[in-house]
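Input: a single structure, listed below in structure tokens.
There are 2 protein chains.
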Amino acid sequence: MASRAKATILDIAREAGVSKSTVSLVLQGSGLIRPETATKVRKAIEDVGYVYNRGAANLRKAHSNVIGMVINDLTNPFFAELAVGMERVFQAAGVVPFIANTAENPVRQEEVLKSLMEQGVAGLIVSPARGTTPGAFRRIETVGVPIVFAMRRLPDSRIPVITPDNHRGAVLATEHLIRKGHRRLAFFGGSSDLVVYHERLGGFLEACETLGIPASDRLIVEGETGRKGGMACLETALAAAEPPTAALCFNDAVAFGVMLALRKRGLEAGADFAVVGFDDVAEAEHYSPALTSVAVDTAGLGERAAHVMLKMIQSRTTRAEDHIGAVSLVVRESSGPDRNSQVGDAA
Amino acid sequence: MASRAKATILDIAREAGVSKSTVSLVLQGSGLIRPETATKVRKAIEDVGYVYNRGAANLRKAHSNVIGMVINDLTNPFFAELAVGMERVFQAAGVVPFIANTAENPVRQEEVLKSLMEQGVAGLIVSPARGTTPGAFRRIETVGVPIVFAMRRLPDSRIPVITPDNHRGAVLATEHLIRKGHRRLAFFGGSSDLVVYHERLGGFLEACETLGIPASDRLIVEGETGRKGGMACLETALAAAEPPTAALCFNDAVAFGVMLALRKRGLEAGADFAVVGFDDVAEAEHYSPALTSVAVDTAGLGERAAHVMLKMIQSRTTRAEDHIGAVSLVVRESSGPDRNSQVGDAA
DNA sequence: TTGATTTATTGGAACGTTCCATTTATAGCG
DNA sequence: CGCTATAAATGGAACGTTCCAATAAATCAA
Chain G
1 MASRAKATIL DIAREAGVSK STVSLVLQGS GLIRPETATK VRKAIEDVGY
51 VYNRGAANLR KAHSNVIGMV INDLTNPFFA ELAVGMERVF QAAGVVPFIA
101 NTAENPVRQE EVLKSLMEQG VAGLIVSPAR GTTPGAFRRI ETVGVPIVFA
151 MRRLPDSRIP VITPDNHRGA VLATEHLIRK GHRRLAFFGG SSDLVVYHER
201 LGGFLEACET LGIPASDRLI VEGETGRKGG MACLETALAA AEPPTAALCF
251 NDAVAFGVML ALRKRGLEAG ADFAVVGFDD VAEAEHYSPA LTSVAVDTAG
301 LGERAAHVML KMIQSRTTRA EDHIGAVSLV VRESSGPDRN SQVGDAA
Chain U
1001 MASRAKATIL DIAREAGVSK STVSLVLQGS GLIRPETATK VRKAIEDVGY
1051 VYNRGAANLR KAHSNVIGMV INDLTNPFFA ELAVGMERVF QAAGVVPFIA
1101 NTAENPVRQE EVLKSLMEQG VAGLIVSPAR GTTPGAFRRI ETVGVPIVFA
1151 MRRLPDSRIP VITPDNHRGA VLATEHLIRK GHRRLAFFGG SSDLVVYHER
1201 LGGFLEACET LGIPASDRLI VEGETGRKGG MACLETALAA AEPPTAALCF
1251 NDAVAFGVML ALRKRGLEAG ADFAVVGFDD VAEAEHYSPA LTSVAVDTAG
1301 LGERAAHVML KMIQSRTTRA EDHIGAVSLV VRESSGPDRN SQVGDAA
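First to last, the protein sequences are chains G and U.
FYI, our numbering numbers position 77 of the first sequence as 77, with every residue one higher than the one before it.
Every number in our numbering is 1000 more than the matching position in the second sequence, counting from 1.
Shown next, in the form of structure tokens:
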């Protein structure tokens, strides 16, 4: 069964008693070949244990069927969900997505992108690593391979972006807290080298402004974007002279950290301190107390990104519109009313 | 800067005034070329916006630098951690891992494997989807591409496996529960089409046997391997005439589900019902109550798998030893003593 | 029958690399 | 100087496909 050297189209041709061209046609499912011949060829393919060499094929065809997904943190369930959404639509389109992880490391990202390009991908969907330099994608752009950014954008680049409406999400969440009677609010986590950070913080500030929370009653604590960062933020905040009674967190991971730190101090999220997260990962619903969070329809954004990519490939363009996904606030237990206030209306 | 058609080695040669062979040598970092020439060539490479065509190169070289990681469920943080461990060692070896998700779907797995093979991967690390047919990898084996299984094995295959010591882990966990005074024990979640299931269940049963828990006091509830499955298991168990007071769960996800269901009934894990998980995902430590679990050193297993793979590639063999990773029980809050028993010693 | 048309099949050049066997230039030695 | 040894650069064949143009075989119209 298993011949030593790997079988090629010529081996199949010999085995089936036809020409290599015929085999190639069969491989591509051309309707030009007589059904009986096709069957004969297919049998030969099976017999010699052939595996198609896409590299060789691409040498002639120029258009490959693989696209690269470059993700900055696979261990964040958020990005895994995003990947899953994309896969769904790519699979249907007969495109194979290869995922690569950059672990939030620009150098690693550079390597990964290089490798993907060398492999001849038809397109790239990227959630850029923090600290990506503005020129990191210029090379790829000039070559003409379509790129779309997912979830994160770079300061000023012409590359299309698929992202949730961060500003609006933050506004919704902040309004919710204020309506619950909170008057001293904090924004926890994230750092200003991320564009998303400015968008979310911007929404927070705007809502404060609109609903009359003076700057002196707002506390902004930058920090890491994981659980640890959230814990640190809470400690910092509670050490303040007039500590806040509620916080909007940069993302759910930070929120989980905050809740953890509260519990360590014998306080409970919701009753003693209101916490709102961002992203609404699956875990949020199952936490205790369940986390109020801004739902961004992660898988949906993934699908959208994939669609945009397919369209770009098809129309051989490198430009596309940005897409800002709708968001909604999912109110759960972690965002109770201010215990000292008598307002607390329903959502 | 950006020429229309994509630049090849010949364009560089023309630009730099050398032959294509020289360019090729430079590309491979050969020491045979004069440093000044190399510099000249490198400049030309930059100028024409060249991207290396690995497909064409592999046509001659036969050995590629990419390996495929095929993972059955990316959204399970457990597998993401595994992937991260692998990436660490591959990166150091100059190998690029491409990750593909099968979403626990054998058909999808088939497609993904085919694609990876066509791409000419040097090796494959696979955590097979549930329901994988025994013959699914025969094709790849006969071609001679090295495969290693991670975390899961197939009923009888000669493919090397990297897996934690599931049996021992289950024994440790079960002994722990019995020492805490529990006498009616349950095993929750998983199903018998998974080899892991039999290993873990086997450890559970052995420990029960050894420490004198009669079969009549053991309850085995199969179920899905996620949160939902865990919730269902608990309901089933509590409906029994003589419900168990403690459970070893197939994995942490099931355990989280059980804890959730307990909370819904106003019970607390640890105080009212002991719960032990398996895998010790990062989340376990941060849950409330913190989950007692069998730690399997996920990232370590990933690294090990990657090392085995590299060795196989290097020695062009398709065989390697299995590797059973050490496990340890991490005792946290979710596994309290039986409230009706007076035993409850320390770990 | 002949020529035109359709249906199946085929040879060969091209794709962008690598690598062997050569060639050319440079240096070393007596 | 001539000769060999070493260093640097090069041409050409090969890798496994695709696809165009060409051929061969079968069918049809007149």
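C-beta: ideal position from N, C-alpha, C; glycine also.
Quantities reported herein were computed from a predicted structural model and do not represent experimental measurements.
Check                                                                                                                                                          : Outcome
Can you give me the C-alpha to C-alpha distance between U:T1022 and U:V1041, rounded to a whole angstrom?                                                      : 8 Å
Can you tell me the Cα-Cα spacing of U:N1053 and G:G120, whole angstroms?                                                                                      : 7 Å
With DSSP as the reference, label U:A1002 as helix, strand or coil.                                                                                            : Note that U:A1002 scores 44 on pLDDT, short of 50, meaning its location in the model is unreliable; the coordinates nonetheless yield the value given after this. DSSP places U:A1002 in coil when its eight states are reduced to three.
Please classify G:S328: does DSSP put it in a helix, a strand, or coil?                                                                                        : strand
Tell me the rounded alpha-carbon separation between U:L1185 and U:A1237.                                                                                       : 10 Å
Could you give the distance in angstroms between the alpha-carbon of U:S1127 and the alpha-carbon of U:P1146?                                                  : 14 Å
On the DSSP letters alone, give me the boundaries of the alpha helix (DSSP H) that U:F1078 sits inside.                                                        : P1077 to A1092
Taking Cβ-Cβ distances shorter than 9 Å, what residues in chain G pair up with U:Y1052?                                                                        : K114, M117 and E118
Note down the Cα distance separating G:T245 from G:A274, rounded to an integer number of angstroms.                                                            : 6 Å
Quick check on the burial criterion: 16 or more other C-beta atoms within 10 angstroms. Buried or exposed for U:D1322?                                         : exposed
Would you mind working out which of G:Q314, G:I313, G:G325 and G:V330 sits nearest G:V294, comparing C-alpha positions?                                        : G:V330
Going by beta carbon distance, what residues of the same chain come within less than 7 Å of U:M1001, once the five residues before and after it are set aside? : Interpretation of U:M1001 is limited by its pLDDT of 42, a score under 50 that renders its predicted location unreliable; the figure taken from the coordinates is listed afterwards. G1049.
Distance check for U:G1031 and U:S1003, CA to CA, integer angstroms please.                                                                                    : Its pLDDT being 44, under 50, U:S1003 is placed unreliably in this model, and the value from its coordinates should be taken loosely. Cα to Cα, the separation comes out at about 30 Å.
Going along the stretch 1218–1246 of chain U in order, which residues come within less than 7 Å of chain G, judged by CB to CB distance?                       : R1227
Suppose you measure from the CA of G:D165 to the CA of U:A1007; what does that come to, to the nearest Å?                                                      : 40 Å
Under 7 Å between beta-carbons, which chain U residues line up against G:S127? List them in chain order, please.                                               : Ordered by position in chain U, no residue passes the 7 Å Cβ test against G:S127, which lies about 14 Å from the chain.
Mind checking who U:P1097 pairs with in its DSSP beta bridge?                                                                                                  : U:I1067
Roughly how many whole angstroms lie between the Cα atoms of G:A255 and G:L25?                                                                                 : 57 Å
Based on the DSSP output, what are the partners of U:V1161 in its beta bridges?                                                                                : U:F1149
Cβ atoms of G:V112 and G:A100: under 8 Å apart, would you say?                                                                                                 : yes
Relative to the alpha-carbon of U:G951, which residue among U:T1039, U:T1102 and U:V1143 has its alpha-carbon at the smallest distance?                        : Residue 951 of chain U is absent from the structure shown; chain U starts at 1001 and stops at 1347.
Provide the residue(s) that pair with G:R200 in DSSP beta bridges, ordered along the chain.                                                                    : In the DSSP output, where bridge partners are listed per residue, G:R200 has none listed.
Cβ of G:G344 less than 8 Å from any chain U Cβ?                                                                                                                : The pLDDT assigned to G:G344 is 41, lower than 50, so where the model puts this residue is not dependable; a value taken from the coordinates is nonetheless given after this. Closer than 8 Å: no.
So that I know if they touch, is there some Cβ in chain G lying closer than 8 Å to that of U:L1074?                                                            : yes
Buried or exposed for G:A346, going by 16 or more other Cβ atoms inside 10 Å?                                                                                  : For G:A346, the pLDDT reaches just 42, beneath the cut-off of 50, and the residue's location in the model is therefore unreliable, although a value from the coordinates is still provided. The residue is exposed, with fewer than 16 neighbouring Cβ atoms inside 10 Å.
Under 8 Å between C-beta atoms, does U:N1166 make it to chain G?                                                                                               : no
Going by DSSP, what residues sit across from U:G1277 in a beta bridge?                                                                                         : U:S1293
Return the Cβ separation of G:D252 and G:G277 in integer angstroms, given the expectation that the two are a contact with Cβ distance under 8 Å.               : 4 Å
Please report how far the alpha carbon of G:D217 lies from the alpha carbon of G:R183, in whole angstroms.                                                     : 7 Å
Output, in chain order, the set of chain G residues within a Cβ distance shorter than 8 Å of U:H1286.                                                          : R227, F256 and L260
List the residues of chain U that G:L59 touches, going by C-beta distances under 9 Å, in chain order.                                                          : N1053, G1055, A1056 and L1059
Could you list the residues in the stretch 74–102 of chain G with a C-beta less than 8 Å from some C-beta on chain U, going in chain order?                    : L74, T75, P77, A80, E81, A83, V84, E87, Q91, V96, P97, F98, I99, A100 and N101
On the DSSP bridge list, what partners appear for U:H1323?                                                                                                     : U:I1162
Buried or exposed: which applies to U:K1311, given that a residue is buried once 16 or more other Cβ atoms fall within 10 Å of its Cβ?                         : exposed
If you draw a straight line from the C-alpha of G:G226 to the C-alpha of G:G257, how long is it?                                                               : 7 Å
Give the DSSP-derived three-state secondary structure of U:R1218 in the structure shown.                                                                       : strand
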